[in-house]
Amino acid sequence: MNEKDPLRSVLHEWEAPAPSASLDTRVRAAYRAWRRPTFWERLWSFRVSIPVPVLAAAVLLIAAGLWLERRSVPPQRPAPVAPAAIGYMTRLETSGFQPLPDGEIRIIRSGVKK
Amino acid sequence: MAEDDSRLLTEARRGDESSFLSLYQRHRTPLFRFAWRLTGSTAIAEDVVQECWVLILQQDRFRADCGSVRGYLFGIVRNLAFQRLRISDRESDERLDGETDSGPFEEVLAAERSQAVARAVAALPPLQREALILFEYEELSLEEIAQATAVDIGAVKARLHRARETLRRRLAPLMATRPAQGRWS
């Protein structure tokens, strides 16, 4: 079965044609049809079909809901504070307050006895 | 290359189109030639090659430790081609009748010699024919032919030997004469 075998030379006189370019197109299309799309490809091409009457009804409902909500909201006023609801009240009366003329200010931490 | 083929196939199955195209470009012409020589029809050979690529993607049966991707591909093409031949029971008329053309004497002579070889190969029993085509024209190794045809290497050698002996007898007149001048210069 070497290269100089006369049978081999004769056999190679039978030449095959090349495949056509359309084969490439067909195979590529077959691959794309087989391949599962990625998440983003699926997301991008995601479609939902809704009948027009259903879509129109949904739009009308949303619009009506928004309109009613806007009309039913009363003008806002500051809420009065009920004194009875408050348990403790601290009042600071500073009238007549005078600092000591030669007073020495000492800062004492809470809980420290001197 | 076998490892590279295997990697490309894995990536193609994951959805990488460029890997698929690399693998396809590498094997498209040999696969087409093989299918064409088995079926004798360009249209059927292209259908077979297309179907082969769809099958190798759909089926996850290839195992790298059981042979090469090339041998696996040729095996698929071989099975598909024989399926088509069984269905259509077609003889290779398209190939044998379509190539006679008027022209310079050397071209006509070369075409006649080519057709004589084609007829002699087509007349071989199918199992011998496929072994001879894979070995002589597509240069597959004996191991790859065994993988593609699902037999052991001993059977491949026996088929090749018988095919070559048959062809040596049938093509003896051609071997005794030189091909047309200019074609092999």
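Chains as they are written, first to last, in our numbering: chain H, 1 to 114; chain G, 1 to 185.
Just so it is clear, CB atoms sit at the ideal spot from N, CA and C, and this is done for glycine as well.
From a predicted model like this one, the values you see are computed outputs, not experimental measurements.
Give me the subset of the stretch 22-55 of chain G whose CB atoms are less than 8 Å from a CB atom of chain H, sorted by chain position.
24, 28, 29, 32, 33, 36, 37, 42, 45, 46, 49, 50, 53 and 54
Check whether the stretch 118-129 of chain G and the stretch 41-56 of chain G touch, using three or more Cβ-Cβ pairs below 8 Å as the test.
no
Extent of the continuous alpha helix (DSSP H) to which residue 43(H) belongs:
Residue mapping note: residue 43(H) aligns to position 43 of the first sequence, counting from 1. Run containing residue 43(H): 39-44, per the alpha helix (DSSP H) assignment.
Helix, strand or coil at residue 114(G) [DSSP, three-state]:
Here residue 114(G) corresponds to residue number 114 of the second sequence, with the count starting at 1. Note: residue 114(G) maps to helix in three-state DSSP.
How far does the alpha helix (DSSP H) with residue 48(H) in it extend, from its first residue to its last?
Residue numbering aside, residue 48(H) sits at position 48 when the first sequence is read from its first letter. No alpha helix (DSSP H) contains residue 48(H), which DSSP labels as neither H nor E.
Applying the criterion that 16 or more other CB atoms from any shown protein chain within 10 Å of the CB defines a buried residue, is residue 177(G) buried or exposed?
Counting from 1 along the second sequence, the entry for residue 177(G) is found at position 177. So residue 177(G) counts as exposed.
Could you check where the alpha helix (DSSP H) with residue 11(H) kicks off and where it finishes?
Looking up residue 11(H) in the first sequence gives position 11. Element bounds for residue 11(H): 6-11.
Is the stretch 2-21 of chain H touching the stretch 7-21 of chain G in the sense that three or more CB pairs, one from each, lie closer than 8 Å?
no
Where are the beta strand (DSSP E) runs, 3 residues long or more, that stay fully inside the stretch 40-71 of chain G, in chain order?
none
What is the DSSP secondary structure of residue 154(G), counted as helix, strand or coil?
Here the question's residue 154(G) lines up with position 154 in the second sequence. It is helical.
Consult DSSP for residue 73(H) and reduce its assignment to one of helix, strand or coil.
Locating residue 73(H) in the first sequence gives position 73, counting from the first residue. The answer is coil: DSSP assigns residue 73(H) none of H, G, I, E or B.
Whole-number beta carbon distance between residue 77(G) and residue 52(G), since they are thought to touch under 8 Å:
Residue mapping note: residue 52(G) aligns to position 52 of the second sequence, counting from 1. Residue mapping note: residue 77(G) aligns to position 77 of the second sequence, counting from 1. Between residue 77(G) and residue 52(G) the Cβ distance is about 5 Å, and since that is below 8 Å, they are a contact.
Below-8 Å beta-carbon distance, residue 40(H) vs any chain G residue
Within the first sequence, the letter at position 40 stands for residue 40(H). False, the Cβ-Cβ gap to chain G never drops below 8 Å.
Between residue 72(H) and chain G, is any beta-carbon pair separated by less than 8 Å?
One-based indexing of the first sequence puts residue 72(H) at position 72. So, not an interface residue.
By how many angstroms is the C-alpha of residue 38(G) removed from the C-alpha of residue 19(H)?
Start at 1 with the first residue of the first sequence, and residue 19(H) comes out as number 19. Start at 1 with the first residue of the second sequence, and residue 38(G) comes out as number 38. Cα to Cα, residue 19(H) sits roughly 15 Å from residue 38(G).
In chain order, what residues of the same chain have a beta carbon less than 6 Å from the beta carbon of residue 138(G), not counting five sequence neighbours either side?
Sequence index remark: in the second sequence, residue 138(G) carries index 138 (1-based). Same-chain partners within the cutoff: 30 and 34.
Strictly below 9 Å CB to CB, what residues from chain H border residue 167(G)?
Counted from its first residue, the second sequence places residue 167(G) at position 167. Listed by position along chain H, the residues whose Cβ is nearer than 9 Å to that of residue 167(G) are 7, 10 and 11.
Any Cβ of chain G within less than 8 Å of the Cβ of residue 43(H)?
Looking up residue 43(H) in the first sequence gives position 43. So, not an interface residue.
Using beta carbons (cut-off 8 Å, strictly below), is residue 20(G) in contact with chain H?
Within the second sequence, residue 20(G) is the residue found at index 20, counting from 1. Yes, contact with chain H.
Does the count of Cβ pairs from the stretch 140-156 of chain G and the stretch 34-47 of chain H closer than 8 Å reach three?
no
Can you pull the chain H neighbours of residue 58(G), defined as C-beta to C-beta under 8 Å?
The count along the second sequence starts at 1 and reaches residue 58(G) at position 58. Near residue 58(G) (Cβ distances below 8 Å), the residues of chain H are 34.
Environment of residue 4(H) [buried if 16+ CB atoms lie within 10 Å]:
Sequence index remark: in the first sequence, residue 4(H) carries index 4 (1-based). Residue 4(H) is exposed by the Cβ-count criterion.
Of all the beta strand (DSSP E) runs that stay within the bounds of the stretch 2-27 of chain G, which reach a length of 3 or more residues?
none
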